[in-house]
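In the numbering used here, the protein residues as written are 26 to 422.
Have a look at this one:
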């Protein structure tokens, strides 16, 4: 993925605080599920290693292409663009079908305009979740959508449109359409509690994941390496599960508190929306300044379509045969391991495609062409790196 081909306009800067209302008109609970960047309902949620979550495009457009990026809430540094958390995606789709589908339509229109697309979510997982919706739910969704269009037009301020629904409110209504089976840990097969989301997008209970002696963490499901630090709990997803299944959640939390020794550290959780208790003394995964001394290449504006490293540090491979506007690129590690993960931007890369080693400029050359203006780093135009097809380079799978 090349930053020069990144679509613009997906993440608007935060403006006037919008009101997001649920079935009972309550604003406070739904604030949790609003993206901190675009201030809309989370769409194709991406969970950072610090545990905070934003929309797919909001994260990507906010990332730096020349150095590490920072979480917009806690300022924790990261350089890997995570995959969409599909479990969270479908929970939100089932909880708020009208608004979520509207967000999908709006995003697709912008993607068609720019020619760059977010990943398609697995049809088999979508079918599994959608098929769990009964006919009554579908009827309610249709009726709500019609009511919404009549009452509010295209406004995105109202999250779930039928505010005439009373009773116990949002949790009770959503609970009719979502089952515990929609929020299970992939390891223990029980309701997720204190969920952590890996770079690949798969979700596990914090207590179910163990860090090997060598410190490397591989996803138990897809076996891909989770880069960097151990992920922190995603409180937005945790809050949603507790909201939807209070009894089951309480029981599960008691179970894991007994299992954990010691229990999860409080400082590993971001406990406030303004990030007042997170991001303190966070170690950096990469010291970009020291890379110059070691002569390592930093491929400015280029990201790996497998692990999400952005920018790619070290050797950079580009597919000759992918025709998508954003291209298809791999870092050396993902190229060497023949990663089978799909492209970050829905590219149609196959095992028959050939990859080329791109010879970029050295970091020292890049740094020398940077000017500091009022504390901001402004890249000065320079010659691009050139590509060469190396011998004995097999196409990555």
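Built from N, CA and C at the ideal position, the CB exists for glycine as well.
- Taking all protein chains shown into account, do 16 or more other C-beta atoms lie within 10 angstroms of the C-beta of residue 243, making it buried, or fewer, making it exposed? In the chain shown, counting from the first residue as 1, residue 243 sits at position 218. Its Cβ having fewer than 16 others within 10 Å, residue 243 is exposed.
- Nearest-angstrom Cα separation, counted from residue 282 out to residue 353: Position 328 of the chain shown, counted from the start, is the residue given in the question as residue 353. Position 257 of the chain shown, counted from the start, is the residue given in the question as residue 282. Their backbone Cα atoms lie some 44 Å apart in a straight line.
- Item | Nearest-angstrom Cα separation, counted from residue 67 out to residue 383 | Counted from its first residue, the chain shown places residue 383 at position 358. Counted from its first residue, the chain shown places residue 67 at position 42. If you take the alpha carbons of residue 383 and residue 67, they lie about 36 Å apart.
- Task: Measure the C-alpha to C-alpha separation of residue 375 and residue 145 and round it to an integer number of angstroms.
- Result: Position 350 of the chain shown, counted from the first residue, corresponds to residue 375. Position 120 of the chain shown, counted from the first residue, corresponds to residue 145. Going from the Cα of residue 375 to the Cα of residue 145 covers about 16 Å.
- Query: Grouping DSSP H, G and I as helix and E and B as strand, with all else coil, what is residue 121?
  - Reply: Taking the chain shown and counting its residues from 1, one reaches residue 121 at position 96. Residue state, collapsed to three classes: coil.
- Grab me the residues of residue 263's own chain with a C-beta within less than 8 Å of its C-beta, minus the 5 sequence neighbours each way, in chain order. As a working note, residue 263 is residue 238 in the chain shown. Around residue 263: 217, 218, 219, 220.
- Message: So if DSSP puts residue 105 in a beta bridge, which residue, or which two residues, is it bridged to?
- Response: Translated into positions along the chain shown, residue 105 becomes position 80. Partner(s): 334.
- Item | Minimum length 4: unbroken alpha helix (DSSP H) runs contained in the segment 214-276 | 260-269
- Query: Anyone know if the C-beta pair for residue 109 and residue 226 falls short of 8 Å?
  - Reply: Locating residue 109 in the chain shown gives position 84, where the first residue counts as 1. Locating residue 226 in the chain shown gives position 201, where the first residue counts as 1. In contact: residue 109 and residue 226 (Cβ atoms closer than 8 Å).
- Message: Quick check: the Cα distance between residue 278 and residue 260, rounded to an integer number of angstroms?
- Response: Counted from its first residue, the chain shown places residue 278 at position 253. Counted from its first residue, the chain shown places residue 260 at position 235. Their backbone Cα atoms lie some 14 Å apart in a straight line.
- Query: Considering residue 84, what are the terminal residues of the alpha helix (DSSP H) in which it resides?
  - Reply: The sequence position of residue 84 within the chain shown is 59, counting from 1. Per DSSP, residue 84 belongs to the alpha helix (DSSP H) from 81-87.
- Between residue 90 and residue 335, which are expected to be in contact by the criterion C-beta below 8 Å, what is the C-beta distance as a whole number of angstroms? In the chain shown, counting from the first residue as 1, residue 90 sits at position 65. In the chain shown, counting from the first residue as 1, residue 335 sits at position 310. The Cβ separation is near 7 Å, so the contact holds.
- Identified DSSP bridge partners for residue 371: Locating residue 371 in the chain shown gives position 346, where the first residue counts as 1. Residue 371 pairs with nothing; no bridge assigned.
- Task: Helix, strand or coil for residue 98, going by three-state DSSP, please let me know.
- Result: Along the chain shown, read from residue 1 onward, the residue named residue 98 stands at position 73. Residue 98 falls in the coil class under three-state DSSP.
- Item | Selected residue, minimal CA-CA separation from residue 202, among 233, 370, 138, 117 | If you number the chain shown from 1, residue 202 lands on position 177. Residue 202 has its Cα closest to that of 117, out of 233, 370, 138, 117.
- Can you tell me whether residue 326 is buried or exposed, with buried defined as 16 or more other CB within 10 angstroms of its CB? Position 301 of the chain shown, counting from 1, holds the residue named residue 326. Its Cβ being crowded by 16 or more others within 10 Å, residue 326 is buried.
- Item | Boundaries of the alpha helix (DSSP H) in which residue 359 is found, first to last residue | Within the chain shown, numbered from 1, the residue matching residue 359 stands at position 334. Start and end: 357-361.
- Message: DSSP has residue 343 in a bridge; who is on the other side?
- Response: For the purposes of this step, residue 343 is taken as residue 318 along the chain shown, with counting starting at 1. According to DSSP, residue 343 bridges with 354, 381.
- Task: Give the C-beta separation of residue 74 and residue 257 to the nearest angstrom, bearing in mind that I take them to be a contact with Cβ-Cβ under 8 Å.
- Result: In the chain shown, residue 74 corresponds to position 49, counting from 1. In the chain shown, residue 257 corresponds to position 232, counting from 1. 7 Å between Cβ atoms; contact.
- Query: Which residues in the same chain have their Cβ closer than 6 Å to the Cβ of residue 204, if we skip the five residues on either side of it in sequence?
  - Reply: As a working note, residue 204 is residue 179 in the chain shown. Same-chain partners within the cutoff: there are none.
- Query: Of the choices 322, 102, 350, 372, whose alpha-carbon is the least far from that of residue 331?
  - Reply: The residue labelled residue 331 in the question sits at position 306 within the chain shown. Per the Cα distances, 372.
- So what's residue 92 in DSSP terms, helix, strand or just coil? Working through the chain shown from its first residue, we reach residue 92 at position 67. Residue 92: coil per DSSP, three-state reduction.
- Query: residue 97 and residue 61: beta carbons closer than 8 Å?
  - Reply: Position 72 of the chain shown, counted from the first residue, corresponds to residue 97. Position 36 of the chain shown, counted from the first residue, corresponds to residue 61. Yes, they are a contact pair.
- Item | Distance between residue 271 and residue 207 (C-alpha atoms, nearest Å) | If you number the chain shown from 1, residue 207 lands on position 182. If you number the chain shown from 1, residue 271 lands on position 246. Their backbone Cα atoms lie some 15 Å apart in a straight line.
- Rank 265, 362, 324 by C-alpha distance to the C-alpha of residue 209 and give the top, closest one. For this step, residue 209 is matched to residue 184 along the chain shown. Looking at the Cα atoms, 265 is the closest of the given residues.
- Query: With distances taken from CA atoms, which of 329, 88, 338 is nearest residue 344?
  - Reply: The residue labelled residue 344 in the question sits at position 319 within the chain shown. Comparing Cα-Cα distances from residue 344 to each of 329, 88, 338, the minimum goes to 329.
- Coil, strand or helix - residue 71 by DSSP: Start at 1 with the first residue of the chain shown, and residue 71 comes out as number 46. If DSSP states are grouped into helix, strand and coil, residue 71 belongs with the strands.
- Query: So what does DSSP say about residue 62, is it helix, strand or coil?
  - Reply: Here residue 62 is taken as the residue at index 37 of the chain shown, counted from 1. The answer is coil: DSSP assigns residue 62 none of H, G, I, E or B.
- Flag this pair as yes or no: are the beta carbons of residue 94 and residue 88 separated by less than 8 Å? By 1-based counting over the chain shown, the position of residue 94 is 69. By 1-based counting over the chain shown, the position of residue 88 is 63. Yes, these two residues count as a Cβ contact at 8 Å.
- Query: Just how far apart, CA to CA, sit residue 132 and residue 213?
  - Reply: For the purposes of this step, residue 132 is taken as the residue at position 107 of the chain shown. For the purposes of this step, residue 213 is taken as the residue at position 188 of the chain shown. Cα-Cα distance, rounded: 35 Å.
- Taking buried to mean at least 16 other C-beta atoms within 10 Å of its own C-beta, is residue 337 buried or exposed? Here residue 337 refers to the residue found at position 312 when the chain shown is read from its first residue. With 16 or more other Cβ atoms within 10 Å, it is buried.
- Item | residue 209, DSSP secondary structure in three states | Within the chain shown, the letter at position 184 stands for residue 209. If DSSP states are grouped into helix, strand and coil, residue 209 belongs with the strands.
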